[in-house]
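Protein chains in written order, with my numbering: chain R, 626 to 816; chain C, 626 to 816.
All residues carry an ideal CB built from backbone N, CA and C; glycine is no exception.
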DNA sequence: TTTATTTCTTGCCTTTTGTCAAGTAGATAT
DNA sequence: ATATCTACTTGACAAAAGGCAAGAAATAAA
C-alpha cells in the first residue's frame, strides 16, 4: 500500500502541529523503493534525498584512511534518513547510504524541502526537531563510546535495535561498534 | 569593548545573508560575562541561553553512571554554545556548561530565538547552519573515537585546539578523549 | 551438485588501556 | 609557615582489544 499513513503519524509524533498541516507536508513526499544492497547515495554525489524510511534497514558507511569500510550508522524503520552534511551544504558526500534489506518510504528533494521550509511554518518546527533528534542520537553514541566497553555497547544495541543484528553482517556491526570482527565474534560467544 | 563586531562577522561567515539582516540579528543579542568556573547551565535547569562565545574557553560535562565527571565537549571562542537538548526540547538538562576561563559574549533566550526564527527568514538559515555544524562536529568526534587511538586523538586535539590543553586540567581532557588520567599522562610523556 | 566466495570463528601472541596505589609538585587556606 | 588540597606522575599488574592466520560454516555462483 502506498498511502502515507505511516509518514503522517511519524510527523505528528515528532511535532505538535495540526493534522491538516501534517497531511499537506506528507503529501509533498514521493513514494520510492530501494532494492537490497542498492544505494540511496554514493561517495562524491551531492545528496538530494530527504528520505522517510517506512520499512527496511539501511546504513551509512565510508572508507577510512586505511581504506577499510566503516559503518557510521544504521537506520531502522520509521525514521528520516539523509546525509546531513552533503544534503544541507550541497557538497560532495564522503559517505554512502545503502539499503541492507529492501526498503520502502517517501522522499523529497532539497528544493522541495526548502519550499516547504519557507512556506509551511509547521515544517520548520518539524525540520528542526529532526535535526535535534539526530544530534542527540549522535551525542549519545559518543557518550557510549567513551563510557561503555565494547561488550556493553553490543548488549545495548542488541536490546534497542535487534533488527540490526538480525539482518546486518557482523563486520558492519563490528565497525559500527568500533571493534574488529574477531573481537565482536568473541564478545558474542561469551553471551 | 561591547560592540557586536565579532558576532556580526561570525554570522556572516556562517550564512550568506545581507549585512543588514546580520546586523539586526546581532543586535537582538545581549552582552554577558561569565566568571572563571561559573556556570552558564546546571544540571536539572532548563537551558535558556543561546550563547555566542566571543572570548574564553568553556566545557559541558555530566556525571556518568559511576558518578564520575565526564567532559562531553569543549567550546572555544567564536562559536555558538548551548545545550541543544534542553534548550530546544524545554527539558531539564543532564549536563552542566561551565566557563574554564573568564568568558565574554552575547546571548538570546529561547523566546527571543523563536521570535527571530519566525520573523527573520535569514535567521532560519543561520539557525539551521549552526545545528548542521554542531552535528558534523559530533559525527567527526564519533569517527575519531572509532578510528583513532587515544594517542592520535590527543595529537589531533593538540594541533586543532591547543588552547584547550593550555587552560583545561588534564582530567577534563582525559575524560573528553575517553581515557583515564593515568593513560593521558603517559601518552603525553611519550611526546 | 560442485566450486568458489564471503562470513564468521578461534588460537596464539602483542599492544593498548585500565586499576590501584604511592609519591611528587603546586596551589590554597589557615 | 604549616597543613591541606588538588593536579599530575609513575610503577606493577590485570584486563580489554587488536593483528594475523588458519579453518569452519554459510552463501552464492557455475
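{"Item": "Just to confirm the assignment: which complete beta strand (DSSP E) runs, minimum length 3, are found wholly within the segment 647-735 of chain R?", "Value": "655-659, 664-666, 675-680, 683-688, 694-700, 704-706, 721-724 and 728-733"}
{"Item": "To the nearest angstrom, report how far apart residue 722 (chain C) and residue 660 (chain R) are at their CA atoms.", "Value": "45 Å"}
{"Item": "In the DSSP assignment, find the unbroken alpha helix (DSSP H) run with residue 816 (chain R) in it and report its ends.", "Value": "No alpha helix (DSSP H) contains residue 816 (chain R), which DSSP labels as neither H nor E."}
{"Item": "If you count every other CB in all the chains shown that lies within 10 Å of the CB of residue 725 (chain R), and 16 or more means buried, which is it?", "Value": "buried"}
{"Item": "Tell me which residues of the segment 685-700 of chain R have at least one Cβ-Cβ distance to chain C shorter than 9 Å, keeping chain order.", "Value": "687, 689, 690, 691, 693, 695, 697 and 698"}
{"Item": "Does DSSP classify residue 642 (chain C) as helix, strand or coil?", "Value": "coil"}
{"Item": "Could you tell me which of C:797, C:750, C:757 and C:637 sits nearest to residue 703 (chain C), measuring between CA atoms?", "Value": "C:637"}
{"Item": "DSSP state of residue 808 (chain C), grouped into three classes?", "Value": "helix"}
{"Item": "State the Cα-Cα distance for the pair residue 734 (chain R) and residue 675 (chain R), rounded to the nearest angstrom.", "Value": "6 Å"}
{"Item": "Below 8 Å on the Cβ atoms is my guess for residue 799 (chain C) versus residue 650 (chain C); work out the distance and round it to an integer in Å.", "Value": "Between residue 650 (chain C) and residue 799 (chain C) the Cβ distance is about 38 Å, and since that is not below 8 Å, they are no contact."}
{"Item": "Can you look up residue 739 (chain C) in the DSSP assignment and give me helix, strand or coil?", "Value": "helix"}
{"Item": "What residue from R:756, R:727, R:801 and R:812 has the CA that sits closest to residue 770 (chain R)'s CA?", "Value": "R:801"}
{"Item": "Assign residue 785 (chain C) to buried or exposed, taking buried as 16 or more other Cβ atoms, counted over all protein chains shown, within 10 Å of its Cβ.", "Value": "exposed"}
{"Item": "Touch check for the segment 702-718 of chain C and the segment 663-679 of chain C: three-plus C-beta pairs under 8 Å?", "Value": "yes"}
{"Item": "Any Cβ of chain C within less than 8 Å of the Cβ of residue 709 (chain R)?", "Value": "yes"}
{"Item": "Any beta carbon from chain C within less than 8 Å of residue 642 (chain R)'s own beta carbon?", "Value": "no"}
{"Item": "Against chain C, does residue 746 (chain R) count as a neighbour if the rule is that its beta carbon must be under 8 Å from one of theirs?", "Value": "yes"}
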